[in-house]
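The sequence shown lines up with residues 59 to 326 when you count with the working numbering.
Every residue, glycine too, gets a C-beta built ideally from N, C-alpha and C.
Before any comments, here is the structure.
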Amino acid sequence: MILAAAEGHEDAGGFHAPSLSDFFPSAIAFGDTIFQIDRVWIIRIVATIVLLTVFVVAARRAKVVPGRFQAAVEYLLDFVRVQIGEEIMGKERARRYVPMLTTIFFTILAFNLTGVIPGLNLAATSRIGVPLLLALWVFVTYWYAGIQKHGLGGYLKANLFPPGVPWPIYFILTPIELLQILVIRPGSLMVRLVANMVAGHIMLVLCFAATQFFLIDSAGTGLMAFGVLTLPAGIFVTLFEVLVAFLQAYIFALLAAVYINMSLEEEH
């Protein structure tokens, strides 16, 4: 685990801290084109295959009395449906959007967890592409839902001109509200996810690269004692990143439900 996490961060010259270059590895094929294949691309493919395999196996082996594997999958599915969809939108309204929320939750969860899996060691959501696509999906959905229910004029009126506000305030409030539904909502979803995954990777690699340096590269020196601190810190950060992986998937899906529900409400 130490060697895998620290790969590319040390050489004969000593300790090298992680950097943003970690998230832009060298191209494996089709370099400098829109079809470029690199390590992050492969990690995303692996995570997608594993995720699809889990659900295919769970569906094919489904029983009336579920085993542990089926029960775990069903628990997570019910968690998204009840604790995110129905809790925010209500049972009837949520039914239409549960497939979307479930896809978002499990995609982000699987892609986040690749950051703590030995051999992968990089979250597939730590680069902007996937978070951007998911945020745009949410953006298009809440606009479509609002326009479908209220019409374009009604949707814009409900969002840009909240009732009960003195009319001069609209000169300040309306541009802010427009910026919110166009930029802030999808932008906050995207930036929050990417920032957490980037920060987590840097912390994780820093701890294990430091452990590699202190315990192996600095063997026989007084610096070895510091490895006793950095190794437990790396294990703690790994466990913390697992928690963050679940938390970020939950927050993204939760806010997606909130934004869609707000578009369907009569007043804001």
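| Asked | Found |
| --- | --- |
| Ala87 - partner residues in DSSP beta bridges | Ile95 |
| Beta-carbon separation (whole angstroms), Leu78 vs Thr183, contact threshold 8 angstroms | Leu78 to Thr183, Cβ: 15 angstroms. No contact. |
| Alpha carbon of Lys207 to alpha carbon of Val198, nearest angstrom | 14 angstroms |
| Pro290, enclosing alpha helix (DSSP H) - first and last residue | Gly285 to Leu322 |
| Length-filtered (4 minimum) alpha helix (DSSP H) runs lying within the stretch 94-167 | 97-118, 126-136 and 149-152 |
| Near the ligand ATP: Phe271 beta-carbon under 7 angstroms from a heavy atom | Looking at this structure, you won't find the ligand ATP or any other ligand, since it has none at all. |
| Supposed close pair Leu159, Gly143 - CB separation, criterion 8 angstroms | 5 angstroms |
| Residue interval of the alpha helix (DSSP H) (run including Ile260) | Arg243 to Gln270 |
| Where Asn217 falls: helix, strand or coil (DSSP) | helix |
| Where the alpha helix (DSSP H) through Phe82 begins and ends | No alpha helix (DSSP H) contains Phe82, which DSSP labels as neither H nor E. |
| Spatial distance of Met282 from Val256 (CA atoms) | 28 angstroms |
| Beta-carbon proximity list for Ser276, same chain, < 7 angstroms, skipping 5 on both sides | Met282 |
| Tyr133, buried or exposed, once every other Cβ within 10 Å from all chains shown has been counted against 16 | exposed |
| Assigned secondary structure, Pro233 (DSSP; H/G/I helix, E/B strand, else coil) | helix |
| With 16 other Cβ atoms within 10 Å as the buried cut-off, status of Phe82 | exposed |
| Environment of Tyr202 [buried if 16+ CB atoms lie within 10 Å] | exposed |
| Exposure label - Ile227; buried when at least 16 CB within 10 Å | exposed |
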